[in-house]
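A.B. asks: Sending over a structure as structure tokens; questions will come in a sec.
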Amino acid sequence: MEYRTSRGFERILRRLSPPERMEVQRHVDALVRAFEVDTFPVGLGLKKLGNSLWEFRINLSLRILFQWEKQSITFLFIGNHNEVHQFIKHYL
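Quick note on our numbering: the sequence shown kicks off at 2 and runs consecutively.
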């Protein structure tokens with residue numbers, strides 16, 4: 002599996018506080034491990050939003066959107082529930 006990040010994802014990640022960045026990294030690492038062993042813990046809150054668009058929770062407010070295509074994962078966006086829905090409107 003190949004993992005990438007979009008420029009927008011990187012930009013948002015840089016704006017987060019250091020504790021939030023660490024939490025994002027911890028959850029991204031957990032998702033990568035889940036893909037490697039093909040077992041997805043319920044705690045990630047993994048949810049399919051569209052053809053290849055997926056979401057998972059970082060905490061009660063933050064979510065990450067990613068695109069899953071065959072052997073490639075691209076992390077696209079970090080935001081709260083409303084920001085995610087705004088992003089999806091423009092993305093789709």
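The beta carbon of each residue, even a glycine, is placed where N, CA and C say it ideally should be.
I need the straight-line Cα distance from F10 to I79, nearest angstrom please.
C.D. replies: Working through the sequence shown from its first residue, we reach residue 10 at position 9. Working through the sequence shown from its first residue, we reach residue 79 at position 78. Roughly 6 angstroms separates the two Cα atoms.
A.B. asks: Check G9 in the structure and name its three-state DSSP category.
C.D. replies: For this step, residue 9 is matched to residue 8 along the sequence shown. Helix at G9.
A.B. asks: Within the same chain, show all residues whose beta-carbon is closer than 8 angstroms to that of M23, passing over the 5 residues directly before and after it, in chain order.
C.D. replies: Taking the first residue of the sequence shown as position 1, residue 23 is located at position 22. Once the five neighbours on either side are set aside, M23 has no close Cβ partner at all.
A.B. asks: Taking the CB atoms as reference points, tell me whether F88 and F76 lie closer together than 8 angstroms.
C.D. replies: Within the sequence shown, residue 88 is the residue found at index 87, counting from 1. Within the sequence shown, residue 76 is the residue found at index 75, counting from 1. No, Cβ-Cβ distance for F88 and F76 is not below 8 angstroms.
A.B. asks: Buried or exposed, going by whether 16 or more other CB atoms sit within 10 Å of the CB of L32?
C.D. replies: Taking the sequence shown and counting its residues from 1, the one referred to as residue 32 is at position 31. Per the 10 Å Cβ criterion, buried.
A.B. asks: Kindly indicate which three-state DSSP category K71 falls into: helix, strand or coil?
C.D. replies: Taking the first residue of the sequence shown as position 1, residue 71 is located at position 70. In the structure shown, K71 sits in coil (DSSP, three-state: anything other than H, G, I, E or B).
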